[in-house]
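Anchor point for the sequence shown: position 83 equals 82 in numbering that gives the first Met the number 0, and the numbering is continuous, going up by one each time.
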Amino acid sequence: MRTLLLLLVPTIAIATEGSIGIWAGSAPAAPRLFNDGLWRGASAAVEATLKLPTTSVLFEVPLSITLGAEYVRPTATSTELLDDYRGWILRGSLVWYASGGTAPYLRLGGGASFGERYARTVEWDTASPLQWQRRPSFAVFWGIGVRGMVAQHVEWAVEAECLAGDQVGLLLPLRLGLFYRWGDR
């Protein structure tokens, strides 16, 4: 069974339209808008995308499924702030494109964070000391963006995303992506 899956999954990936790419992102630290200015950081991610076949002519909206891994860290400074997050987030999402060319898209997804949060040792005690603590949790996210072509097989993307979970919350990080695409358009 495993051998069949190991052969079948790459065959489907080659036969359909897909892409693999990299993301870079940052969350601005605006005191009134972005988590009271307590979170700021940068991220880097790798993502693989497969376009799902259109099943109905009534709903011919291009839809893709994506899997990725993202590393998030606080901005490089000597100051550590309450609720800073550093670590990995494994992500899966569905992406709806407005059309096949340069067009806006909507992303909805979920994942798991496996990082550390700079938090109080006793959560509700404001006198307890702050330290990095391992805090795995589930995360959900949505994003809106625009995707376009650079060359025949190279695409770019710009996205604003809201990511939330029990131990990580990033309001509207700005993300830039570059992708290599294969398959029919």
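Cβ coordinates follow ideal geometry from the N, Cα and C atoms, glycine included. This structure is a prediction, so every number in the text was calculated from the model and none was measured.
Endpoints, the beta strand (DSSP E) within which residue i is located
i, result
"Pro73", "Leu62 to Pro73"
"Ser112", "Ala102 to Ser112"
Classification of residue i by the beta-carbon crowding that lies within 10 angstroms, buried from 16 upward
i, result
"Ser98", "exposed"
"Phe178", "buried"
"Asp124", "exposed"
"Trp95", "exposed"
"Phe140", "buried"
"Leu147", "The question names Leu, yet the displayed sequence has Gly at residue 147. Exposed, because fewer than 16 other Cβ atoms sit within 10 Å of the Cβ of Gly147."
"Gly100", "exposed"
"Pro172", "buried"
"Glu69", "buried"
6 Å CB neighbourhood of residue i in its chain, flanking five on each side removed
i, result
"Glu158", "Gly142, Gly144 and Arg174"
"Ser112", "Ile88, Ser136, Ala138, Gly164 and Val167"
"Val149", "Trp155"
DSSP bridge partner residues for residue i (one or two, in chain order)
i, result
"Gln130", "Ala118"
"Gly20", "Glu46 and Phe178"
"Gly86", "Val71"
"Glu160", "Gly142"
"Leu81", "For Leu81, which the question treats as bridged, DSSP gives no partner whatsoever."
"Val149", "Answer is none; Val149 lacks a bridge partner."
"Leu173", "Ser25 and Ala159"
"Gly91", "Leu66 and Gly109"
Inter-residue spacing [alpha-carbon to alpha-carbon] between residue i and residue j
i, j, result
"Pro103", "Val60", "12 Å"
"Cys161", "Leu66", "17 Å"
"Ala47", "Ser127", "42 Å"
"Leu129", "Tyr117", "6 Å"
"Gly20", "Val45", "6 Å"
"Leu80", "Thr2", "48 Å"
"Thr120", "Gly176", "37 Å"
"Arg85", "Leu107", "22 Å"
"Ala26", "Val71", "10 Å"
"Thr74", "Trp131", "15 Å"
"Asp82", "Leu105", "28 Å"
"Ser63", "Ala23", "20 Å"
"Pro52", "Arg134", "38 Å"
"Asn34", "Ala41", "Note that Asn34 scores a pLDDT of 49, beneath 50, so its modelled location is shaky; the value from the coordinates is reported in the next line. Taking the straight line joining both Cα atoms gives about 15 Å."
"Leu49", "Glu122", "41 Å"
"Leu93", "Thr78", "36 Å"
Other residues of its chain near residue i: CB distance less than 8 Å, five sequence neighbours each side excluded
i, result
"Trp181", "Ile13, Glu16, Gly17, Ser18 and His152"
Cβ neighbours of residue i in the same chain (closer than 7 Å, five flanking residues each side left out)
i, result
"Gly110", "Ile88, Leu89, Arg90, Gly91 and Ala138"
Residue-chain proximity (residue i, chain C), Cβ-Cβ < 8 Å
i, result
"Gly164", "Of the protein chains in the structure, only one exists, and it is not chain C."
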